[in-house]
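In order, the protein sequences belong to chains A and B.
Everything in the first sequence is counted per this note's numbering, starting at 1 for the first residue and increasing by one.
Everything in the second sequence is counted per this note's numbering, starting at 1001 for the first residue and increasing by one.
A virtual CB, placed ideally from N, CA and C, is assigned to each residue, including glycine.
For clarity, every value in this text was computed on a predicted model and none was experimentally measured.
Notes follow the structure.
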Amino acid sequence: MEMELQLIKNLEKSNKLINHKYADLQRRYGDQFIALDNGKVIAHDQKVEALRKSLEDKGLALATVIIEYIPKKGVMVLY
Amino acid sequence: MQIPLDFYKSAKGSELRLRALATITFGDRPPVGVAFIVDTGSPVTFVDEFISSKVRIYTKSLEFDHDALMGGTKVAIHRAGRVSLDFRDSKGSLRRIDVKDLMVAKTGWTRKGAIYSSVSILGLDFLMENKLALHINPSKGVAYIETEGQD
């Protein structure tokens, strides 16, 4: 269970980045998908399929990676 | 027992997010992380295929269940069977909640100009199936899931 806790702590760091640096992320990656791991942006692309492929090609451990769409400033994402 | 959710409100209040951070374990595969959007408007809980693909589970090998429309996108929902979700509770310990039949979503088509945001949703069915209560007080920034019974 130690592994699960570590994974969640990692996710919390990435979530914190989204919450507290959203304006910065919009400036840098607006209208793109970003991949986050342990509180850092590790890849980005306008197309989610291309982003996934680049992550696979890099051979990264993906267990803690989350993908987030960052809209342009002034655009809100609803589900 | 309470499982705190990540409720975020920006200083100006223009950004509001409610998420549940968890790990998901498919059978005997190693756990992987998932950040759910908590959406009681959704009757179904699902993860994006990106999550299951981390442990090499793809929708092409799963049973198709139904299509769903999300804004301008059609997603195909597939059944992944029983999985375990682990959350961090208010005491910092792990809490495991099993899901009988988790769904995995794969984008079918996206209307021109629309974007599928590769999202995983924690829906109303998850609360119902596990007899969980959802407490939210946005003005106080409090949000958590609570289980029935003692702990």
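{"Check": "For Met1103 (chain B), three-class secondary structure by DSSP", "Outcome": "strand"}
{"Check": "Sub-8 Å separation of Asn38 (chain A) and Asn10 (chain A) beta-carbons", "Outcome": "yes"}
{"Check": "Three-way DSSP call (helix, strand, coil) for Glu1148 (chain B) in this model", "Outcome": "coil"}
{"Check": "Residue nearest to Glu2 (chain A) in terms of C-alpha spacing, selected from B:Ile1003, B:Met1001, B:Gln1002 and B:Pro1030", "Outcome": "B:Pro1030"}
{"Check": "Chain B residues whose Cβ lies nearer than 7 Å to that of Leu11 (chain A)", "Outcome": "Leu1021, Gly1033 and Ala1035"}
{"Check": "As assigned by DSSP and simplified to three states, the class of Ser1084 (chain B)", "Outcome": "strand"}
{"Check": "Minimum length 4: unbroken alpha helix (DSSP H) runs contained in the segment 1031 to 1063 of chain B", "Outcome": "1049 to 1053"}
{"Check": "Residue-chain proximity (Leu1018 (chain B), chain A), Cβ-Cβ < 8 Å", "Outcome": "no"}
{"Check": "Chain A residues whose Cβ lies nearer than 9 Å to that of Phe1026 (chain B)", "Outcome": "Those within 9 Å of Phe1026 (chain B) in chain A number zero; the least Cβ separation is about 12 Å."}
{"Check": "CB contact check: His63 (chain A) to chain B, cutoff 8 Å", "Outcome": "According to the sequence shown, residue 63 (chain A) is Ala rather than His. So yes, Ala63 (chain A) belongs to the interface."}
{"Check": "Residue of B:Asp1098, B:Thr1110, B:Ser1053 and B:Leu1016 minimising C-alpha distance to Thr1073 (chain B)", "Outcome": "B:Thr1110"}
{"Check": "Phe1050 (chain B): contacting residues in chain A (beta-carbon distance under 7 Å)", "Outcome": "Arg52 and Ile67"}
{"Check": "Contacts of Arg1029 (chain B) in chain A (Cβ-Cβ under 9 Å)", "Outcome": "The premise fails here: Arg1029 (chain B) is roughly 10 Å from chain A at the closest Cβ pair, so nothing lies under 9 Å."}
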